[in-house]
Amino acid sequence: MSFTIATTVDEALVALGAGARPIAGGTDLVVGARHGKAALPGDLVAIDRIDELGGVELDSAGVRVGALMSHAELMTDPVIVGSYTAIADASALVGSPSTRHVGTLGGNVMNGSPAMDTGAPLTVLGATAELRSVTGSRTVSLDELWAGPGRTTADLGELLVALHLPPAQDRCGSAYVRLEYRRAMEIAVVGAAAAVTLAADGTIASAAVALAAVAPTILSVDGVDQALVGCTPADAGPVVAALASEQAAPISDLRASDRYRRHCIGVMAKRAVDAAARRADGESIAVPVNRSLGIGAA
Amino acid sequence: MTTSYELDVNGVTYPVTADQGKNLLSVIRENVGLTGTKEGCDDCECGACMVLLDGQPVNSCSYLAVQAQGRQVTTIEGVMEGPEMHALQRNLLEAGGVQCGFCTPGMIMSAKALLERDEHPELDAVRIGLSGNLCRCTGYAKILAAVEATAVELNT
Chain A
1 MSFTIATTVD
11 EALVALGAGA
21 RPIAGGTDLV
31 VGARHGKAAL
41 PGDLVAIDRI
51 DELGGVELDS
61 AGVRVGALMS
71 HAELMTDPVI
81 VGSYTAIADA
91 SALVGSPSTR
101 HVGTLGGNVM
111 NGSPAMDTGA
121 PLTVLGATAE
131 LRSVTGSRTV
141 SLDELWAGPG
151 RTTADLGELL
161 VALHLPPAQD
171 RCGSAYVRLE
181 YRRAMEIAVV
191 GAAAAVTLAA
201 DGTIASAAVA
211 LAAVAPTILS
221 VDGVDQALVG
231 CTPADAGPVV
241 AALASEQAAP
251 ISDLRASDRY
261 RRHCIGVMAK
271 RAVDAAARRA
281 DGESIAVPVN
291 RSLGIGAA
Chain B
1001 MTTSYELDVN
1011 GVTYPVTADQ
1021 GKNLLSVIRE
1031 NVGLTGTKEG
1041 CDDCECGACM
1051 VLLDGQPVNS
1061 CSYLAVQAQG
1071 RQVTTIEGVM
1081 EGPEMHALQR
1091 NLLEAGGVQC
1101 GFCTPGMIMS
1111 AKALLERDEH
1121 PELDAVRIGL
1131 SGNLCRCTGY
1141 AKILAAVEAT
1151 AVELNT
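Chains as they are written, first to last, in the numbering used here: chain A, 1 to 298; chain B, 1001 to 1156.
Okay, here's the thing in structure tokens:
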């Protein structure tokens, strides 16, 4: 049993290499342990004081978002709100103010919940994950990273250090919406993110949609780009709703039946595309879309 | 495994010897001996255990006490200003925003953090600021009124 506080990534990697598990805000790890979901790991390394894991930086390849960025930081960060708005929409819906202050993007991604709020936004925005270990680093797509509910393909010695986002395009907008039963301390019943780029004539030039809580991992909807290019945003709605509902593979649980989820994911996908297209067209829709457009719990 | 460390609670340094996995709530109540912070759901849902960590709200039931080393923990006992009640405490009493009182310490900690980051919160911002705190008695209206009255009082 050990508990160490790392102040550099290298210190954290040495601890991980020796078998420790990382802890940042602990909002999944500690709550999970208290539920009996998984015992608290015996050896822990606290990574929440590592400066190099924070921040949002513009670089030649786009934007580097540090894994320690909290949800509270992401929902107000000017770069994220300005150009990668779906991530801000999602971060603003996580838990409560306290969860958002200690909960991190890296934790949300590596916890691997199919209902994670930031996963679908990161997917439609083309994010990649930078993993580091004592032996080196590698960058993987999120599709490669997520292996199933609560599972990733990262090795035990690897630490997620950052998410990388490609440069923002002109006339591009994104949004994340979710079905929820209450406004706080909620988990998505289903959630949908969309990124839309508009052509000069107002039709869709490119689009991507990803879904939360309807499959074992975040589900990127196939065929969206082909189906929507050339459509007006209004015409795109029914098309994307049908694609999302067809491809969803939801389960029934305490919160919703599979049939209800399959229907509602189509509605959410349509609303996500609508909000993303409006943002792409220059309309200012405040973060989070759920509140601004009255989606979700009243 | 038992581990020893120091914890800064309300500006006082306390030596703590406790299990490594012990949560901040239990250490504050059992080791430090301050019982104003309440255990409600013990599940990171209700906010009765809210404390401030370097000024930001955190559910102490779901935060490891060892992880709070080197940070400033503020509990409800640290809110009084000398012998005087904090304006939030006084306004909650005056508005009748306290019935059984179990949620009150957590409400005050969340409200204090809110008013420190937003001096003039709109009603909706107050609702969001308190959205991690459940009250089963008063129906919230009086609690919201007390926080709004405090914001006005502190800024006039």
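Where is the CB? At the ideal position from N, CA and C, for every residue including glycine.
From the DSSP secondary-structure annotation, give me the bridge partner or partners of A:Arg-21.
Mapped onto the first sequence, residue 21 of chain A falls at position 21. Note: A:Arg-21 sits in a beta bridge opposite A:Leu-44.
A:Leu-159 classed as buried or exposed, judged by whether at least 16 other C-beta atoms fall within 10 angstroms:
Working through the first sequence from its first residue, we reach residue 159 of chain A at position 159. Label assigned to A:Leu-159: buried.
Anything in the stretch 1016-1030 of chain B with a Cβ closer than 8 Å to a Cβ of chain A? List those residues in chain order, please.
Per Cβ criterion, the list reads Gln-1020, Gly-1021 and Asn-1023.
Do A:Leu-68 and A:Ala-127 count as a contact pair if the criterion is CB distance below 9 Å?
As a first step, residue 127 of chain A is located in the first sequence; it is residue number 127 there, counting from the start. As a first step, residue 68 of chain A is located in the first sequence; it is residue number 68 there, counting from the start. In this structure, A:Leu-68 does not lie closer than 9 Å to A:Ala-127 by Cβ.
Taking 9 Å as the CB-CB cut-off, is B:Val-1058 touching chain A?
Mapped onto the second sequence, residue 1058 of chain B falls at position 58. Among the CB atoms of chain A, one or more fall inside 9 Å of the CB of B:Val-1058.
Chain-order list of residues whose beta-carbon lies under 7 Å from that of A:Thr-203 (same chain, five-residue window excluded):
Here residue 203 of chain A corresponds to residue number 203 of the first sequence, with the count starting at 1. So the list reads Gly-230, Cys-231 and Thr-232, once near-sequence residues are dropped.
Taking C-beta pairs closer than 8 Å, name the residues in chain A that B:Val-1079 reaches, listed in chain order.
Working through the second sequence from its first residue, we reach residue 1079 of chain B at position 79. Here the premise fails: no neighbours, minimum Cβ distance about 17 Å.
Can you have a look at A:Ser-257 and say buried or exposed, based on whether 16 or more other CB atoms are within 10 angstroms of its CB?
For the purposes of this step, residue 257 of chain A is taken as the residue at position 257 of the first sequence. Its Cβ having fewer than 16 others within 10 Å, A:Ser-257 is exposed.
So A:Met-268 packs on B:Gln-1020, CB below 8 Å; how close in whole Å?
If you number the first sequence from 1, residue 268 of chain A lands on position 268. If you number the second sequence from 1, residue 1020 of chain B lands on position 20. In this structure A:Met-268 does not touch B:Gln-1020 by the C-beta definition: roughly 42 Å separates them, more than the 8 Å allowed.
How about A:Pro-78: is its C-beta nearer than 9 Å to some C-beta of chain B?
Along the first sequence, one-based indexing puts residue 78 of chain A at 78. No, its Cβ sits nowhere closer than 9 Å to a Cβ of chain B.
Taking DSSP's pairing of strands, which residues face A:Gly-136 in a bridge?
Here residue 136 of chain A refers to the residue found at position 136 when the first sequence is read from its first residue. Looking at the DSSP assignment, A:Gly-136 forms a beta bridge with A:Ser-133.
According to DSSP, is B:Asn-1023 part of a helix, a strand, or is it coil?
As a first step, residue 1023 of chain B must be located in the second sequence, where it is residue number 23. Look at B:Asn-1023 here: in three-state DSSP terms it is strand.
Between the alpha carbons of A:Ser-292 and A:Val-134, how many angstroms are there, rounded?
As a working note, residue 292 of chain A is residue 292 in the first sequence. As a working note, residue 134 of chain A is residue 134 in the first sequence. Going by the C-alpha atoms only, they are around 45 Å apart.
Close Cβ partners of B:Thr-1013 (< 7 Å) along its chain, the five nearest in sequence each way excluded
The residue labelled residue 1013 of chain B in the question sits at position 13 within the second sequence. Same-chain partners within the cutoff: Glu-1006.
Where DSSP assigns a beta bridge to A:Tyr-176, which residues make up the other side?
Position 176 of the first sequence holds residue 176 of chain A. Answer is A:Ala-193.
Quick one: which chain B residues come within Cβ less than 9 Å of A:Ile-23?
One-based indexing of the first sequence puts residue 23 of chain A at position 23. One finds Leu-1064 and Gln-1067 in chain B with Cβ atoms closer than 9 Å to the Cβ of A:Ile-23, taken in chain order.
How many angstroms separate the CA atom of B:Glu-1122 from the CA atom of B:Ser-1110?
Within the second sequence, residue 1122 of chain B is the residue found at index 122, counting from 1. Within the second sequence, residue 1110 of chain B is the residue found at index 110, counting from 1. Looking at the two C-alpha atoms, the distance is approximately 15 Å.
I need the boundaries of the alpha helix (DSSP H) containing A:Ile-187, first residue and last residue.
Against the first sequence, residue 187 of chain A aligns to sequence position 187. Under the DSSP assignment, A:Ile-187 falls outside any alpha helix (DSSP H); it carries neither an H nor an E label.
Could you say if the stretch 55-71 of chain A and the stretch 93-111 of chain A meet the contact criterion of at least three C-beta pairs nearer than 8 Å?
Enough Cβ pairs lie closer than 8 Å, so yes.
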